[in-house]
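Please read the structure below before turning to the comments.
There are 2 protein chains.
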Amino acid sequence: MSLATDAADKPTLYKRIRADIEKRILTGEWPPGHRIPFEHELVARYGCSRMTVNKALSELAQADLIERRRRAGSFVRRPQHQSAVLKIADIRAEIIALGRGYGYELISRKLRATTAADRERLGVKKAGKVVAISCRHSADNVPFAVEDRLIDLSSVPDAATADFSREPPGSWLLHHVPWTEAEHTISAIVADDRMADALDIAVGAPCLVIDRYTWRSARTITAVRLLYPGDSHRLVARFKGG
Amino acid sequence: MSLATDAADKPTLYKRIRADIEKRILTGEWPPGHRIPFEHELVARYGCSRMTVNKALSELAQADLIERRRRAGSFVRRPQHQSAVLKIADIRAEIIALGRGYGYELISRKLRATTAADRERLGVKKAGKVVAISCRHSADNVPFAVEDRLIDLSSVPDAATADFSREPPGSWLLHHVPWTEAEHTISAIVADDRMADALDIAVGAPCLVIDRYTWRSARTITAVRLLYPGDSHRLVARFKGG
DNA sequence: TACGATTATATGTCTAGACATATAAGTCAA
DNA sequence: TTGACTTATATGTCTAGACATATAATCGTA
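First to last, the sequence lines map onto chains A and B.
Residues 7 to 248 (this note's numbering) make up the first sequence, in order.
Residues 7 to 248 (this note's numbering) make up the second sequence, in order.
Shown next as structure tokens:
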């Protein structure tokens, strides 16, 4: 990923078309709502086949830079929205990728019938069973994050017998259960006694919280809360403009 | 955006191919590093033309699910990475979109030669001039976020004369300056006196911090720190699996 | 054995068509 | 004016080819 791609190598035609349009959008020459030329007009302008301009426009649409409507044309979408791609890996993979030593510790694992609080957290109505897991991840023997997780056994029956004493539940789930939708909520809290103890920080120290809900189709799979020491851990998202 | 797309409408062929491969990757049937079938093999399996499977594979490559290498084939990339699309709009637009009353207040604006701290924050070496802005956004007259921003005048000379007493600098920049790259860092801190005062929260209360750096090509445009009350504001990112 | 040249091959891009499909716009009747 | 029907059109997908290009694998040579 290079910052400036001003090499002298001639890009392919569809990339040039895409870049041309992107530029006009980013400079504001074509403001939001503006109708960009029809495919057949671009075909004429660039002297190429329709498939070539179609590929350029399709990629712009995929990047949410333009919106394409049959019969109407293609329109510039609000370009002022920054779309950040925040990659949040499996914590084990994340720590290993950082080149640090990964440590895992299961704090508790309970199999129980859902309580009202569980059902609310998972967004399910019917009674059922869950696995409630609490565990800690560390990097180079320093606490990295604590995890509180519920797994809905009606969606993931195998989780009842999975061994989470060695493998973190997040990694296990990623390898065993496909997900189709997820939602992250990021917030900040201050550490209470339990968190401070688990993360080896002071009571009242800031913590970054990530709540993640994962579904497969409309079925809830898991709800997890990750707590990171807020002053040391940082979520970094780097992304390209558009 | 529907949670369950189990309608009976038959998807197009390239989407089916893409979904098939995606599924095998997500279930772990094809683990990272696994070579997925060659285009000509998929052509035979699905009985379609090469362009059709090429489109499916190209989209998977764009989504970073697979890596394609000439002569070698296409390989599964670390599939356990969840890719969250976190849309962070211009704060004014964000509050308006929430259907709440937007309020803006310029706290301070200074034009000055860069200090060493400024240069470090902007990541520039050479001395120059910056505009340093501090302001507050509110929703329905409740403090929503405070913003501390530096704008590099060597990249954005117009910012020297822009009137930030009415228009927030973020909105002004988005409409006047195209950006090509940005980086977000999300962390948590506890409020000190100044923050507590500006956000109308208690000293020691948690705050969510977003540091955003924006570049055009390799030129730094702006560095901004946004502080949100951590227990009330939440960053929500919802995204599709894959 | 090591290294340089050659070759085979999978992907990357492109074409000139085709038919499908959603829908904006126009038409006509109530 | 309103609603229902028809039509025109831009995009969506697909085909059966083509040549370009990067590179893994092979072969030949020092």
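Glycine residues also receive a C-beta, built at the ideal position from the N, C-alpha and C atoms.
**Message:** Beta-carbon within less than 6 Å of residue 235 of chain B's beta-carbon, same chain only, minus the 5 sequence neighbours each way: which residues are those?
**Reply:** Counting from one through the second sequence, the residue named residue 235 of chain B turns up at place 229. Closer than 6 Å at the Cβ level, and outside the excluded window around residue 235 of chain B, lie 205, 207.
**Prompt:** Considering only residues of the region 88-163 of chain B, which uninterrupted beta strand (DSSP E) runs meet the minimum length of 3 residues and lie entirely inside it, listed in chain order?
**Reply:** List check, beta strand (DSSP E) in window: 108-119, 135-145, 148-158.
**Message:** Tell me the DSSP secondary structure of residue 190 of chain B in three-state form.
**Reply:** Here residue 190 of chain B is taken as the residue at index 184 of the second sequence, counted from 1. Under the three-state reduction of DSSP output, residue 190 of chain B falls in the strand class.
**Reduced DSSP category for residue 63 of chain A - H, G, I as helix; E, B as strand; rest coil** = Working through the first sequence from its first residue, we reach residue 63 of chain A at position 57. In the three-state reduction of the DSSP assignment, residue 63 of chain A falls in the helix class.
**Prompt:** Three-state secondary structure (DSSP) at residue 177 of chain B?
**Reply:** Within the second sequence, numbered from 1, the residue matching residue 177 of chain B stands at position 171. The answer is helix: DSSP assigns residue 177 of chain B an H, G or I state.
**Prompt:** Is there a Cβ from chain A that is less than 8 Å from the Cβ of residue 210 of chain B?
**Reply:** The residue given as residue 210 of chain B occupies position 204 in the second sequence. Residue-level contact by beta carbon holds for residue 210 of chain B and chain A, with a gap shorter than 8 Å.
**Prompt:** Rounded to a whole number of angstroms, what is the C-alpha to C-alpha distance between residue 191 of chain B and residue 145 of chain A?
**Reply:** Position 185 of the second sequence holds residue 191 of chain B. Position 139 of the first sequence holds residue 145 of chain A. When rounded, the distance between both Cα atoms is 20 Å.
**Request:** Mark residue 176 of chain A as exposed unless 16 or more other C-beta atoms lie within 10 angstroms of its C-beta, in which case mark it buried.
**Result:** For this step, residue 176 of chain A is matched to residue 170 along the first sequence. Buried, because 16 or more other Cβ atoms sit within 10 Å of the Cβ of residue 176 of chain A.
**Message:** By alpha-carbon positions, which one of B:116, B:160, B:147 ends up nearest to residue 133 of chain B?
**Reply:** Sequence index remark: in the second sequence, residue 133 of chain B carries index 127 (1-based). Closest by alpha carbon: B:160.
**Request:** Identify, in the order they occur along the chain, each residue of the same chain with its Cβ nearer than 6 Å to the Cβ of residue 193 of chain B, setting aside the five sequence neighbours on each side.
**Result:** Within the second sequence, residue 193 of chain B is the residue found at index 187, counting from 1. Cβ within range, chain order: 215.
**In DSSP terms, what residue 71 of chain B is bridged to** = Translated into positions along the second sequence, residue 71 of chain B becomes position 65. None, per the DSSP bridge assignment.
**Message:** For residue 26 of chain A and residue 197 of chain A, what's the separation of their Cα atoms in angstroms?
**Reply:** Taking the first sequence and counting its residues from 1, the one referred to as residue 26 of chain A is at position 20. Taking the first sequence and counting its residues from 1, the one referred to as residue 197 of chain A is at position 191. Whole-angstrom Cα-Cα distance: 50 Å.
**Asked** Is there a Cβ from chain B that is less than 8 Å from the Cβ of residue 193 of chain A?
**Response** The residue you call residue 193 of chain A lines up with position 187 of the first sequence. Yes, residue 193 of chain A lies at the interface with chain B (some Cβ there is under 8 Å from its Cβ).
**Prompt:** With DSSP run on the structure shown, which of helix, strand or coil describes residue 198 of chain A?
**Reply:** Translated into positions along the first sequence, residue 198 of chain A becomes position 192. In the displayed model, residue 198 of chain A falls within coil according to three-state DSSP, outside both helix and strand.
**Asked** Just to confirm, are residue 171 of chain A and residue 112 of chain A a CB contact at a threshold of 8 Å?
**Response** Looking up residue 171 of chain A in the first sequence gives position 165. Looking up residue 112 of chain A in the first sequence gives position 106. Yes, they are a contact pair.
**Message:** Does the CB of residue 84 of chain B have a neighbour CB from chain A at under 8 Å?
**Reply:** Here residue 84 of chain B refers to the residue found at position 78 of the second sequence. Interface residue, yes.
**Request:** For residue 236 of chain B, go through chain A and note every residue whose CB falls closer than 7 Å to its CB, in chain order.
**Result:** Here residue 236 of chain B corresponds to residue number 230 of the second sequence, with the count starting at 1. What residue 236 of chain B touches in chain A: 193, 194, 195.
**Item:** Cβ neighbours of residue 74 of chain B in the same chain (closer than 7 Å, five flanking residues each side left out)
**Value:** For the purposes of this step, residue 74 of chain B is identified with residue 68 of the second sequence, where counting begins at 1. Its chain contains 63, 67, 80 as the residues whose beta carbon lies nearer than 7 Å to that of residue 74 of chain B, once the 5 sequence neighbours on both sides are disregarded; these appear in chain order.
**Delimiting residues of the beta strand (DSSP E) encompassing residue 50 of chain B** = As a first step, residue 50 of chain B must be located in the second sequence, where it is residue number 44. Where residue 50 of chain B is concerned, there is no enclosing beta strand (DSSP E), although the alpha helix (DSSP H) it sits in stretches over 45-52.
**Request:** Within the same chain, show all residues whose beta-carbon is closer than 6 Å to that of residue 154 of chain B, passing over the 5 residues directly before and after it, in chain order.
**Result:** Numbered from 1 along the second sequence, position 148 holds the residue referred to as residue 154 of chain B. So the qualifying residues of the chain are 140, 231.
**Item:** Below-8 Å beta-carbon distance, residue 1 of chain B vs any chain A residue
**Value:** Outside the shown range of chain B (7 to 248) lies residue 1 of chain B, about which nothing can therefore be said.
**Message:** Distance check for residue 117 of chain A and residue 166 of chain A, CA to CA, integer angstroms please.
**Reply:** Position 160 of the first sequence, counting from 1, holds the residue named residue 166 of chain A. Position 111 of the first sequence, counting from 1, holds the residue named residue 117 of chain A. Roughly 7 Å between the two C-alpha positions.
**Message:** My assumption, with CB atoms under 8 Å, is that residue 37 of chain A sits in contact with residue 98 of chain A. Please give the rounded CB distance.
**Reply:** The residue you call residue 37 of chain A lines up with position 31 of the first sequence. The residue you call residue 98 of chain A lines up with position 92 of the first sequence. Residue 37 of chain A to residue 98 of chain A, Cβ: 46 Å. No contact.
**residue 217 of chain A (DSSP reduced to helix, strand or coil)** = Here residue 217 of chain A refers to the residue found at position 211 of the first sequence. Of the three classes helix, strand and coil, the one that applies to residue 217 of chain A here is strand, per DSSP.
**Item:** Residues sharing a beta bridge with residue 166 of chain B, DSSP
**Value:** In the second sequence, residue 166 of chain B corresponds to position 160, counting from 1. As computed with DSSP, residue 166 of chain B is found in no beta bridge at all.
**Message:** For residue 58 of chain A and residue 18 of chain A, what's the separation of their Cα atoms in angstroms?
**Reply:** Indexing the first sequence from 1 puts residue 58 of chain A at position 52. Indexing the first sequence from 1 puts residue 18 of chain A at position 12. If you take the alpha carbons of residue 58 of chain A and residue 18 of chain A, they lie about 10 Å apart.
**Any C-beta of chain B under 8 Å from that of residue 46 of chain A** = Within the first sequence, residue 46 of chain A is the residue found at index 40, counting from 1. So no, residue 46 of chain A is outside the interface.
**Request:** Report back the beta-carbon spacing between residue 130 of chain A and residue 158 of chain A to the nearest angstrom; my notes put them in contact at under 8 Å.
**Result:** What you label residue 130 of chain A is simply residue 124 of the first sequence in a count that begins at 1. What you label residue 158 of chain A is simply residue 152 of the first sequence in a count that begins at 1. Yes, they are in contact, since the Cβ atoms of residue 130 of chain A and residue 158 of chain A sit about 7 Å apart, within 8 Å.
**Inter-residue spacing [alpha-carbon to alpha-carbon] between residue 168 of chain A and residue 46 of chain B** = As a position in the first sequence, residue 168 of chain A is number 162, starting the count at 1. As a position in the second sequence, residue 46 of chain B is number 40, starting the count at 1. Put simply, the backbone Cα of residue 168 of chain A is about 39 Å away from that of residue 46 of chain B.
**Exposure label - residue 8 of chain A; buried when at least 16 CB within 10 Å** = Taking the first sequence and counting its residues from 1, one reaches residue 8 of chain A at position 2. Annotation note: pLDDT 36 at residue 8 of chain A (below 50); position unreliable, coordinate value reported separately. Counting Cβ neighbours within 10 Å, residue 8 of chain A comes out exposed, since fewer than 16 surround it.
**Asked** Using a C-beta to C-beta distance shorter than 9 Å, which residues of chain B count as neighbours of residue 71 of chain A?
**Response** On the first sequence, residue 71 of chain A is found 65 positions in, with the first residue counted as 1. Per Cβ cutoff of 9 Å: no residues; residue 71 of chain A is ~12 Å from chain B at best.
**Prompt:** Using CA coordinates, which residue listed in B:137, B:100, B:201, B:213 is at the minimum distance from residue 229 of chain B?
**Reply:** Start at 1 with the first residue of the second sequence, and residue 229 of chain B comes out as number 223. Checked all of B:137, B:100, B:201, B:213; the closest Cα to residue 229 of chain B is B:137.
**Asked** Quick one, which residues of the region 97-120 of chain A are near chain B if we go by CB-CB under 7 Å, in chain order?
**Response** So the close ones are 99.
**Request:** Leaving aside the five residues before and after residue 65 of chain B along the sequence, list all residues of the same chain whose C-beta is less than 7 Å from its C-beta, in chain order.
**Result:** As a position in the second sequence, residue 65 of chain B is number 59, starting the count at 1. Within the same chain, residue 65 of chain B has close Cβ partners 24.
**Prompt:** residue 156 of chain A touches chain B at which residues, Cβ-Cβ below 9 Å?
**Reply:** Counting from one through the first sequence, the residue named residue 156 of chain A turns up at place 150. For residue 156 of chain A, no chain B residue has a C-beta closer than 9 Å to its own C-beta; the minimum C-beta separation is roughly 18 Å.
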